[in-house]
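Structure first, commentary second.
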Amino acid sequence: MQNVRALAASSLAAVIADGRPFDGSIDMPRARANKRGATQKAVLPDQSQLNPRDLALFRELCYGSLRRYALLEVMLGSRLKKPLGKRDADIHALLLIGLYQLVFLRTPDHAALSATVNACIALQKTWAKGLVNAVLRNCLRDLEQGDRKQIPRPAQASEAALASHPQWLYQRLKADWPQHWQQIIEYNNSPPHMALRVDIARQPRADYQHTLQAAGLASQTSEVCDSALLLEHACDPTTLPGFDEGLCSVQDSGAQLAAALLHAGEGASVLDACAAPGGKTLHILQHCQPKSLCALDLDAGRLARVHENLKRCSRSGVAKLEVADASDTGSWWRGQPFDRILLDAPCSGSGVIARHPDIKLLRREADIAKLAGAQLNLLTALWITLADDGELLYCSCSVLREENERVIATFLDNEAGASALPIDAQWGIACGAGRQLLPKKGSNDGFFYARLRKSPLR
0 MQNVRALAAS SLAAVIADGR PFDGSIDMPR ARANKRGATQ KAVLPDQSQL NPRDLALFRE
60 LCYGSLRRYA LLEVMLGSRL KKPLGKRDAD IHALLLIGLY QLVFLRTPDH AALSATVNAC
120 IALQKTWAKG LVNAVLRNCL RDLEQGDRKQ IPRPAQASEA ALASHPQWLY QRLKADWPQH
180 WQQIIEYNNS PPHMALRVDI ARQPRADYQH TLQAAGLASQ TSEVCDSALL LEHACDPTTL
240 PGFDEGLCSV QDSGAQLAAA LLHAGEGASV LDACAAPGGK TLHILQHCQP KSLCALDLDA
300 GRLARVHENL KRCSRSGVAK LEVADASDTG SWWRGQPFDR ILLDAPCSGS GVIARHPDIK
360 LLRREADIAK LAGAQLNLLT ALWITLADDG ELLYCSCSVL REENERVIAT FLDNEAGASA
420 LPIDAQWGIA CGAGRQLLPK KGSNDGFFYA RLRKSPLR
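In terms of numbering that gives the first Met the number 0, the sequence shown is residues 0 to 457.
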């Protein structure tokens with residue numbers, strides 16, 4: 000049996016100490032071991048050596064510790080006489096994982112404590128067994144004196160830490176959304192839901208829901224859009240009925256709004272400027288059936304995922320895929336204007352933190368202004384490729400106003416031929432020239448949309 004906690008600690012250390020995004024794979028600790036030397040390689044198995052139960056535990060420990068990182072750090076800091084150095088980031092991470100188990104999981108205390116202490120052996124740091132044992136037992140004593148059903152509220156913890164958020168993000172959310180920030184915090188600290196997009200051109204959503212039910216998969220319809228189903232329990236997508244034939248795709252209900260908002264007719268030429276991983280690209284092809292579609296992405300590996308998505312649904316021959324920097328139009332644009340452009344702008348990801356809790360650790364406040372500047376530059380560069388009377392749909396998976404409505408407001412002020420088109424919808428909140436769908440636990444991720452029209456200059 001593999002030591003799952005040692006694997007999780009190595010993965011978490013790669014995020015905390017090395018600043019690497021967490022991708023849910025146990026390849027991360029292997030890569031970190033290789034970076035630091037070959038001594039650890041023998042004790043870190045590949046994913047095929049983990050049974051499904053252990054793999055699920057590995058991901059729960061990693062994702063859960065990342066979600067609750069700010070609070071766990073406060074709890075740990077008060078129990079360490081001095082901070083651990085970067086070379087012992089794996090032990091630091093192991094302690095966080097141990098605390099997470101005691102506070103948030105139903106693992107019996109003695110089992111969690113014993114397994115976490117023994118993980119020091121797999122990490123080849125037996126000297127740390129006493130430290131890990133002492134810290135976790137100290138925490139356990141404090142927990143036993145209180146209500147185990149309640150999340151601890153250390154006296155030294157800030158409001159932000161109690162909410163398991165970095166201070167800057169906590170303050171931004173409260174300032175940007177004074178009536179809704181608690182809903183966003185709840186979503187950010189919860190496991191993500193699994194949403195499906197049904198190809199309703201081939202099968203009504205209700206019919207596919209019955210197909211799921213017959214396969215033992217319970218679901219409910221989404222209130223956000225008419226093609227989405229929310230699974231009661233996540234599953235391997237490849238086991239879904241009709242998945243290989245393209246009857247359904249895994250896509251958040253908020254992301255499914257893009258194709259309809261693009262308003263691309265059958266004869267339209269479409270540019271999907273930042274296409275990977277291809278969910279929106281595929282939806283545009285299925286929903287709009289445009290005359291042509293060009294899909295760009297800066298990353299060749301991510302663009303390959305777009306091809307895989309299209310191939311699964313027999314659409315790979317329809318779209319033109321190109322590795323390119325969308326903002327460098329001279330490197331890829333052939334001079335033929337597009338009728339419709341989807342700009343799914345690179346952003347902070349603050350609307351999808353439930354899926355990527357490492358964002359709370361890796362993103363910095365200074366990043367937001369840089370991202371907003373890059374978004375404005377990208378929008379300005381792509382505008383010249385849009386045909387007169389054409390429309391551009393700006394989209395982000397952020398909930399921060401600086402990246403959304405303020406970018407659009409600045410662009411509209413700068414561009415004489417640009418105007419905002421209304422988004423008449425029951426979902427979301429009107430925000431300047433666009434509309435914000437706030438993330439909601441069990442329902443949808445957070446997305447911002449703005450429709451822009453290009454008028455000919457006289």
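Where a beta carbon is used, it is the ideal one built from N, C-alpha and C, also for glycine.
A quick note: this is a predicted structure, and the numbers were derived from the prediction, not measured.
{"Asked": "Start-to-end residues for the alpha helix (DSSP H) that takes in E244", "Found": "Careful: E244 lies outside any alpha helix (DSSP H) and carries neither H nor E."}
{"Asked": "Nonlocal neighbours in the same chain, by C-beta distance under 7 Å from R4, ignoring five residues either side", "Found": "L60, L93, I96, A114, T115 and A118"}
{"Asked": "Rounded Cβ spacing between C273 and A318 (contact assumed at less than 8 Å)", "Found": "Incorrect: roughly 14 Å between the Cβ atoms, too far for contact."}
{"Asked": "Residue ranges of each beta strand (DSSP E) within the segment 370 to 414, 3 or longer", "Found": "385 to 395"}
{"Asked": "T106 (DSSP reduced to helix, strand or coil)", "Found": "coil"}
{"Asked": "Bounding residues of the alpha helix (DSSP H) (the contiguous stretch that carries E222)", "Found": "Note, E222: premise wrong, no alpha helix (DSSP H); not H, not E."}
{"Asked": "Inter-stretch contact at 8 Å, needing at least 3 Cβ pairs: the segment 184 to 199 / the segment 97 to 106", "Found": "no"}
{"Asked": "Start and end residues, beta strand (DSSP E) containing R452", "Found": "F446 to K453"}
{"Asked": "Which listed residue (C396, Y393, Y448 and A386) has its alpha carbon closest to that of S454", "Found": "A386"}
{"Asked": "L122, DSSP secondary structure in three states", "Found": "coil"}
{"Asked": "Sub-8 Å separation of S163 and R67 beta-carbons", "Found": "yes"}
{"Asked": "Segment limits, alpha helix (DSSP H) that includes I183", "Found": "W180 to N187"}
{"Asked": "E321: first and last residue of the uninterrupted beta strand (DSSP E) it sits in", "Found": "A318 to V322"}
{"Asked": "Start-to-end residues for the beta strand (DSSP E) that takes in G433", "Found": "G433 to L436"}
{"Asked": "Given A88 as reference, the closest of I150, K148, R52 and D17 once Cα atoms are compared", "Found": "D17"}
{"Asked": "Local conformation of R196 per DSSP, three classes", "Found": "strand"}
{"Asked": "For N443 and D251, believed in contact at Cβ under 8 Å, the rounded distance", "Found": "6 Å"}
{"Asked": "6 Å CB neighbourhood of A299 in its chain, flanking five on each side removed", "Found": "V322"}
{"Asked": "Cutoff 6 Å; reference A371; Cβ partners in own chain excluding five residues on either side", "Found": "E401, E402 and V406"}
{"Asked": "Where K310 sits in the DSSP three-state scheme", "Found": "helix"}
{"Asked": "Cutoff 8 Å: L341 Cβ touching any chain D Cβ", "Found": "The structure shown contains no chain D, having only a single protein chain."}
{"Asked": "N308 classed as buried or exposed, judged by whether at least 16 other C-beta atoms fall within 10 angstroms", "Found": "buried"}
{"Asked": "Coil, strand or helix - V269 by DSSP", "Found": "strand"}
{"Asked": "With 16 other Cβ atoms within 10 Å as the buried cut-off, status of S397", "Found": "buried"}
{"Asked": "Local Cβ density within 10 Å of R140, reported as buried at 16 or more and exposed below that", "Found": "exposed"}
{"Asked": "Identity of the residue in E265, S395 and H286 nearest A258 by Cα", "Found": "H286"}
{"Asked": "For R52 and A217, the rounded distance between their alpha carbons", "Found": "22 Å"}
{"Asked": "Alpha-carbon to alpha-carbon, E231 and S221", "Found": "12 Å"}
{"Asked": "Close beta carbons around P191, own chain, < 7 Å, minus the five adjacent residues each side", "Found": "A353 and R354"}
{"Asked": "Environment of P203 [buried if 16+ CB atoms lie within 10 Å]", "Found": "exposed"}
{"Asked": "Candidates F57, A55 and E72, of which the one nearest K359 by Cα", "Found": "E72"}
{"Asked": "Cβ-based neighbour list, P153, same chain, cut-off 7 Å, excluding 5 preceding and 5 following", "Found": "V73, M74 and S77"}
{"Asked": "DSSP bridge partner residues for K439 (one or two, in chain order)", "Found": "N443"}
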